[in-house]
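**Student:** Protein chains in written order, with this note's numbering: chain Y, 8 to 252; chain U, 8 to 252.
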DNA sequence: TACGTCCGAATGTCCTAACAAAGGCTTGAC
DNA sequence: GTCAAGCCTTTGTTAGGACATTCGGACGTA
């Protein structure tokens, strides 16, 4: 049985038609209107029903295939993919992650300065003698300390204040300044905690920390953030989706 | 200065024109013929020079933008992106990873059986009473034990033998059977080692293991592998690229 | 019954064409 | 000299059409 998703296209909207379509179809899949394995209305039928051209329809479907929501096979048709492979938004800050699971985050700023740092400068692709904003935050989930996060940012963000860091996530601050990190290279490891980490996170020497160093870039490929974080391993794990599509 | 990349299009090839073009341009970027920041020949010029239509050119360029090799801005043009954000192939097995850095991997199979397992059945989307192939491998990098890897596979792979597991990577075995994992959901954490892990990996109680559980899917969204791995944290870290393009 | 061939359906590739929107640059008015 | 309006270049969106390729099933034949 082919499901006919109800779609409303607004030709007056500044949002491209293919994107409007993709969004509404994505909603129909993620909210369960369309079930995994369901056959999908074919391109020509959509073309006629919605009064859009085939390239527009194809582009919308392509977007959903790229997100792993649909699977297409030549000669056969298009179907809703297995729901568990749906890609989720991946580049989020810890702050957002915690909000999502209902644990109110808060932050204590342990240090805050602007100074030269060769390792960070290299990572951020800046001159080695450039002064770099850097700060260390202790992050809590509810009342429990969860992570020690050390970050370095290019000097153009020098207007960030300690107060701002306490009240919101770093990525939210960056977005307000018109910067949207879209790619990040991360290295994840584990080790015994340092004395500082034991003190701040309340750990015994046998309880390891999960470490993550991350360099994030905007769409143009400019580095926007370099970070070196240590998480309590008993309270946090990192979820990632890998794909080679 | 606009670089004119030498491109040869073979209209007789079964490979799509846009892909031929994308591949040759990608090579020019990754091998350094085009440098990061270089302006890129614009669409109309490519159209005329190569005798291809604009949609074909655009599709090739789009492919490279998706890989993070190019950056486009309306009204401005297309440029080669910062080289460090180039996405690398991400879904590899440990075996391939080790080969790449020149450390000869080898494998000892610790256990091998076919039996029911509710947790694995749920992860693989199989009936709970279905018999599942499962095995535990101890992986070495050179002479050093590196990881204890526990894997579960659907019964259709029951023809895999212990010998095969010793000589090759798991993903290579799957590929030979026509299965290509393309997406995986991973959870990465850390904890102190169990007694078994201490024995096999030669760890002290204070040396943590890095844990990764992974469920991999093929292009159609069918689960093909479930794994629960423990790595020596002092010899291994996990690199991932995140992106929300 | 078993097997191979043909056909229809669906997606994949490629083309031409037109207009919209965004950014930088030139030109002109003040 | 300064600033704004308008032009040009470039990419973004949409349309419509033609043909290729692949898959499954129907049909027919041995």
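Where a beta carbon is used, it is the ideal one built from N, C-alpha and C, also for glycine.
Nearest-angstrom Cα distance between residue 229/Y and residue 78/U?
**Tutor:** Taking the first chain and counting its residues from 1, one reaches residue 229/Y at position 222. Taking the second chain and counting its residues from 1, one reaches residue 78/U at position 71. Inter-residue distance for residue 229/Y and residue 78/U is about 11 angstroms (C-alpha atoms, whole angstroms).
**Student:** Taking only beta-carbon positions, decide if residue 89/Y is within less than 7 angstroms of chain U.
**Tutor:** If you number the first chain from 1, residue 89/Y lands on position 82. Yes, contact with chain U.
**Student:** Kindly give me the distance between the Cβ atoms of residue 224/U and residue 190/U, rounded to whole angstroms, as I take these residues to be in contact under 8 angstroms.
**Tutor:** By 1-based counting over the second chain, the position of residue 224/U is 217. By 1-based counting over the second chain, the position of residue 190/U is 183. With a Cβ gap of about 5 angstroms, residue 224/U and residue 190/U count as contacting.
**Student:** Determine whether the Cβ of residue 2/Y lies closer than 7 angstroms to any Cβ atom of chain U.
**Tutor:** Here chain Y has residues from 8 to 252 only, and residue 2/Y is not among them.
**Student:** Across which residues does DSSP place residue 259/U in a beta bridge pair?
**Tutor:** Not covered by the structure: residue 259/U. The range shown for chain U is 8 to 252.
**Student:** Using the rule of at least 16 other Cβ atoms within 10 Å of the residue's Cβ for burial, across every protein chain shown, is residue 209/Y buried or exposed?
**Tutor:** For the purposes of this step, residue 209/Y is identified with residue 202 of the first chain, where counting begins at 1. Residue 209/Y comes out exposed.
**Student:** Output the boundary residues of the beta strand (DSSP E) element that contains residue 231/Y.
**Tutor:** Here residue 231/Y refers to the residue found at position 224 when the first chain is read from its first residue. Taken as a continuous stretch (DSSP letters only), the beta strand (DSSP E) holding residue 231/Y covers 230-239.
**Student:** Skipping 5 residues on each side, what residues in its chain have a beta carbon closer than 7 angstroms to that of residue 88/U?
**Tutor:** Along the second chain, one-based indexing puts residue 88/U at 81. Closer than 7 angstroms at Cβ, skipping near neighbours: 43, 75, 76, 77, 78.
**Student:** So residue 248/Y contacts chain U; which residues on that side make the cut at Cβ distance below 8 angstroms?
**Tutor:** On the first chain, position 241 is the one that residue 248/Y refers to. Those within 8 angstroms of residue 248/Y in chain U are 190, 191, 192, 193.
**Student:** Taking C-beta to C-beta, are residue 32/U and residue 63/U nearer than 7 angstroms?
**Tutor:** As a position in the second chain, residue 32/U is number 25, starting the count at 1. As a position in the second chain, residue 63/U is number 56, starting the count at 1. In this structure, residue 63/U does not lie closer than 7 angstroms to residue 32/U by Cβ.
**Student:** Measuring straight from C-alpha to C-alpha, what distance separates residue 123/Y and residue 160/Y?
**Tutor:** Along the first chain, read from residue 1 onward, the residue named residue 123/Y stands at position 116. Along the first chain, read from residue 1 onward, the residue named residue 160/Y stands at position 153. Roughly 11 angstroms separates the two Cα atoms.
**Student:** Using a Cβ cut-off of 7 angstroms (strictly closer), state whether residue 213/U contacts chain Y.
**Tutor:** Counted from its first residue, the second chain places residue 213/U at position 206. Put simply, the CB of residue 213/U is near chain Y, with a gap under 7 angstroms to one of its CB atoms.
**Student:** Residues of chain Y with CB under 8 angstroms from residue 198/U, in chain order?
**Tutor:** Against the second chain, residue 198/U aligns to sequence position 191. For a Cβ distance threshold of 8 angstroms, residue set 215, 240, 241 of chain Y lies close to residue 198/U, ordered along the chain.
**Student:** Would you kindly check if the distance between the Cβ of residue 240/U and the Cβ of residue 217/U is under 7 angstroms?
**Tutor:** By 1-based counting over the second chain, the position of residue 217/U is 210. By 1-based counting over the second chain, the position of residue 240/U is 233. Contact: yes.
**Student:** Apply the 10 Å Cβ neighbour rule to residue 155/Y and answer buried if 16 or more other Cβ atoms are within range, or exposed otherwise.
**Tutor:** By 1-based counting over the first chain, the position of residue 155/Y is 148. With 16 or more Cβ atoms within 10 Å of its Cβ, residue 155/Y is classed as buried.
**Student:** Is the beta carbon of residue 116/Y sitting closer than 7 angstroms to the one on residue 171/Y?
**Tutor:** Working through the first chain from its first residue, we reach residue 116/Y at position 109. Working through the first chain from its first residue, we reach residue 171/Y at position 164. No; because the gap between Cβ atoms is not below 7 angstroms, this pair is not in contact.
**Student:** Ends of the alpha helix (DSSP H) at residue 208/Y?
**Tutor:** Counted from its first residue, the first chain places residue 208/Y at position 201. Residues 202-208.
**Student:** For residue 176/U, tell me which candidate among 148/U, 60/U, 54/U has the shortest Cα-Cα distance.
**Tutor:** Residue numbering aside, residue 176/U sits at position 169 when the second chain is read from its first letter. Checking every option, the nearest Cα to that of residue 176/U belongs to 148/U.
**Student:** Could you tell me whether any Cβ in chain U is nearer than 7 angstroms to the Cβ of residue 179/Y?
**Tutor:** As a position in the first chain, residue 179/Y is number 172, starting the count at 1. Residue 179/Y does not count as touching chain U.
**Student:** Assign residue 19/Y to buried or exposed, taking buried as 16 or more other Cβ atoms, counted over all protein chains shown, within 10 Å of its Cβ.
**Tutor:** Here residue 19/Y corresponds to residue number 12 of the first chain, with the count starting at 1. Looking at its Cβ environment, which holds fewer than 16 other Cβ atoms inside 10 Å, residue 19/Y is exposed.
**Student:** Determine the direct distance from the alpha carbon of residue 12/Y to that of residue 211/U, and round the result to whole angstroms.
**Tutor:** Walking along the second chain from the start, residue 211/U turns up at place 204. Walking along the first chain from the start, residue 12/Y turns up at place 5. Computed Cα separation, rounded: 58 angstroms.
**Student:** Need the endpoints of the alpha helix (DSSP H) that residue 72/Y sits in, please.
**Tutor:** Position 65 of the first chain, counting from 1, holds the residue named residue 72/Y. Where residue 72/Y is concerned, the enclosing alpha helix (DSSP H) stretches over 61-73.
**Student:** Output yes if chain Y places a C-beta closer than 7 angstroms to the C-beta of residue 245/U; else output no.
**Tutor:** Here residue 245/U is taken as the residue at index 238 of the second chain, counted from 1. Taking Cβ atoms only, chain Y reaches closer than 7 angstroms to residue 245/U, which makes this a yes.
**Student:** Which residue marks the beginning of the alpha helix (DSSP H) containing residue 51/Y, and which one marks its end?
**Tutor:** In the first chain, residue 51/Y corresponds to position 44, counting from 1. First-last of the alpha helix (DSSP H) with residue 51/Y: 50-57.
**Student:** How far does the beta strand (DSSP E) with residue 165/Y in it reach, from first residue to last?
**Tutor:** Reading the first chain from its first residue, position 158 is the one you call residue 165/Y. Where residue 165/Y is concerned, there is no enclosing beta strand (DSSP E), because DSSP gives it neither an H nor an E.
**Student:** Residue 229/Y versus chain U: which residues are under 7 angstroms apart at the beta carbon?
**Tutor:** One-based indexing of the first chain puts residue 229/Y at position 222. Per Cβ cutoff of 7 angstroms: 89.
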